[in-house]
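In the working numbering, the protein residues as written are 213 to 397.
Printed below as a string of structure tokens:
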């Protein structure tokens, strides 16, 4: 597969992962119940999307690209393990509100590993000008922007548990944005 094809398919994975977040958050906000599989699929798609940022930045020689790729790959494996474990394993493996289970470290690694990889690869893309001018800073802004969204989620969750999904819908919408044409969305 060519580098351009990898970048394009990674873009598709980013949009699909973002849409999964929007769907998951929207369904929970409306019904209070999490749709099956949607979040697990997004957890696996987003590290795949980061491979495209690596493919864009690596040929230009930024030293943060390889650690970003390694973190994305680790997060992807952790996401698959967490997804398969919650799907195939006993219910006791799936964490609830305040429980820690065998899958908790994999879920945390999938989430925070993806975020850290996005920030590293976002810096690499910005330094190398690997994306067109109006998109150059976008991955880094998305990565850093998740920090205040997580804080907002924690605050909103204290008001109503469902409101935790508001930042997830916002973040998913931002992840799906690269699917817009010519940066006009």
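Note that CB positions come from ideal geometry on N, CA and C, so glycine has one too.
Exposed or buried, which one is residue i when buried takes at least 16 other CB atoms within 10 Å?
{"i": "residue 245", "result": "exposed"}
{"i": "residue 234", "result": "buried"}
{"i": "residue 215", "result": "exposed"}
{"i": "residue 436", "result": "Here the chain covers residues 213 to 397 and nothing more, so residue 436 does not appear."}
{"i": "residue 393", "result": "In this prediction, residue 393 scores a pLDDT of 46, lower than 50, which makes its location untrustworthy; the coordinate-derived value is nonetheless stated afterwards. Exposed."}
{"i": "residue 273", "result": "exposed"}
{"i": "residue 351", "result": "buried"}
{"i": "residue 271", "result": "exposed"}
{"i": "residue 371", "result": "exposed"}
{"i": "residue 396", "result": "Caution is warranted here: a pLDDT of 42 is assigned to residue 396, below 50, making its placement in the model unreliable, and no coordinate value can be reported."}
{"i": "residue 242", "result": "exposed"}
{"i": "residue 248", "result": "exposed"}
{"i": "residue 251", "result": "buried"}
{"i": "residue 232", "result": "buried"}
Could you round the C-beta distance between residue i and residue j to whole angstroms and report it? I think they count as a contact, below 8 Å.
{"i": "residue 334", "j": "residue 230", "result": "Not a contact, Cβ separation roughly 15 Å."}
{"i": "residue 361", "j": "residue 369", "result": "Rounded, the Cβ-Cβ distance is 12 Å, inconsistent with contact."}
{"i": "residue 280", "j": "residue 329", "result": "5 Å"}
Is the separation between the beta-carbon of residue i and that of residue j shorter than 8 Å?
{"i": "residue 188", "j": "residue 276", "result": "Because the chain here runs from 213 to 397, residue 188 falls outside it and cannot be looked at."}
{"i": "residue 293", "j": "residue 255", "result": "no"}
{"i": "residue 263", "j": "residue 218", "result": "yes"}
{"i": "residue 237", "j": "residue 381", "result": "yes"}
{"i": "residue 374", "j": "residue 240", "result": "yes"}
If you measure from the beta carbon of residue i to each beta carbon in chain B, is any gap under 8 Å?
{"i": "residue 340", "result": "In summary, chain B is missing from the structure at hand, where a single protein chain is found."}
Margin query: Does the contact criterion of 3 or more C-beta pairs under 8 Å hold for the segment 285–293 versus the segment 254–262?
Written below: Result yes; three or more Cβ-Cβ pairs closer than 8 Å.
Margin query: For the segment 363–372 against the segment 321–338, do three or more pairs of beta-carbon atoms, one drawn from each stretch, fall closer than 8 Å, so that the two count as touching?
Written below: Too few Cβ pairs lie closer than 8 Å, so no.
Check: Does the count of Cβ pairs from the segment 267–274 and the segment 332–351 closer than 8 Å reach three?
Finding: A contact between stretches requires three or more CB pairs, one per stretch, nearer than 8 Å, and the segment 267–274 meets this requirement with the segment 332–351.
Check: Given 8 Å as the limit, is there contact between the segment 296–310 and the segment 351–358, that is, 3 or more CB pairs closer than that?
Finding: Verdict: no, contact absent.
Note to self: So within the segment 216–294, which uninterrupted beta strand (DSSP E) runs reach at least 3 residues, ignoring any that extend past its ends?
What the structure shows: At a cut-off of 3 residues, not a single continuous stretch assigned as beta strand (DSSP E) sits fully inside the segment 216–294.
Next item on the list: Could you tell me which uninterrupted alpha helix (DSSP H) segments, each at least 4 residues in length, are contained entirely in the segment 291–363, listed from first to last along the chain?
Entry: Taking only runs of at least 4 residues, the alpha helix (DSSP H) segments lying wholly in the segment 291–363 are 316–340.
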